[in-house]
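Step one of this worksheet: look at the structure below.
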Amino acid sequence: MSETPRRPANDSPDSWETLAVQAQKGDRRAYHALLRAITPYIYGVLTPALANPDWVDDIAQDVLLSVHKSLQTYRPDRPFKPWLAAIIGFRKTDFLRRHYAARQDRKTSLEDPAFMRAHVTDSPHAGEYKDVERVLAAIPEKSRRVFDLVKIKGYTAQEAAAMTGMSVSAVKVSVHRSMNRIKGVLGEKE
Numbered sequence: 007m008s009e010t011p012r013r014p015a016n017d018s019p020d021s022w023e024t025l026a027v028q029a030q031k032g033d034r035r036a037y038h039a040l041l042r043a044i045t046p047y048i049y050g051v052l053t054p055a056l057a058n059p060d061w062v063d064d065i066a067q068d069v070l071l072s073v074h075k076s077l078q079t080y081r082p083d084r085p086f087k088p089w090l091a092a093i094i095g096f097r098k099t100d101f102l103r104r105h106y107a108a109r110q111d112r113k114t115s116l117e118d119p120a121f122m123r124a125h126v127t128d129s130p131h132a133g134e135y136k137d138v139e140r141v142l143a144a145i146p147e148k149s150r151r152v153f154d155l156v157k158i159k160g161y162t163a164q165e166a167a168a169m170t171g172m173s174v175s176a177v178k179v180s181v182h183r184s185m186n187r188i189k190g191v192l193g194e195k196e
């Protein structure tokens with residue numbers, strides 16, 4: 007009968023307090039044991055809270071550095087885990103603040119002419135509209151209007167028939183013929 011492996015005694019938050027006190031007194035073994043013991047906890051807190059796994063490593067390193075720098079501020083009469091959780095929270099907030107500041111996220115008004123030029127007029131897809139215009143120009147005007155109502159604007163055949171004065175079956179035939187003409191213009195005729 008095999009026993010489940012026992013966790014080392016210094017893996018529990020209760021022992022973290024003991025290790026922290028010993029590390030404050032200069033015990034190097036206790037210091038290294040403390041860092042090894044809290045590292046899985048740090049990753050356990052950060053991993054589900056962040057979208058990018060690379061950020062977890064960066065913030066965990068920041069947390070470990072902060073623990074190193076501020077271990078002398080830990081008060082032995084207080085629990086260690088909340089002290090560590092506060093450091094994790096502060097480091098995570100600092101990292102995300104720096105990250106988003108570097109991206110220079112700012113709100114842009116849709117009324118801003120520079121925004122409109124960059125995202126509408128100078129669209130990387132602007133040339134694609136010429137193909138659409140060329141294809142639609144190959145369809146007779148009345149058929150184009152019916153095609154526009156049904157396929158582009160999303161009206162039903164019944165609604166398009168009421169709007170154009172055509173019968174429902176005539177609308178369906180017109181749309182079908184327009185589709186065939188478009189396929190022919192695009193070279194996709196079966």
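Start counting the sequence shown at 7; every next residue gets the next number (this note's numbering).
For every residue, glycine included, the Cβ atom is placed at its ideal position computed from N, Cα and C.
These numbers come from a predicted model, not from an experiment.
| Item | Value |
| --- | --- |
| At least 3 beta-carbon pairs within less than 8 Å: the segment 179-193 vs the segment 144-162 | yes |
| ALA143, buried or exposed, once every other Cβ within 10 Å from all chains shown has been counted against 16 | exposed |
| Other residues of its chain near VAL174: CB distance less than 7 Å, five sequence neighbours each side excluded | ALA163, GLN164 and ALA167 |
| Test item: CB-CB of TYR106 and ALA26 under 8 Å | no |
| Collapsed DSSP secondary structure at TYR80 in the structure displayed | coil |
| When ASP64, LEU77, PRO59 and ASP63 are compared against GLU23, the one with the closest alpha-carbon | LEU77 |
| Whether LYS157 touches VAL181 by CB criterion (8 Å) | yes |
| Burial state of LYS31 (16 or more Cβ within 10 Å) | exposed |
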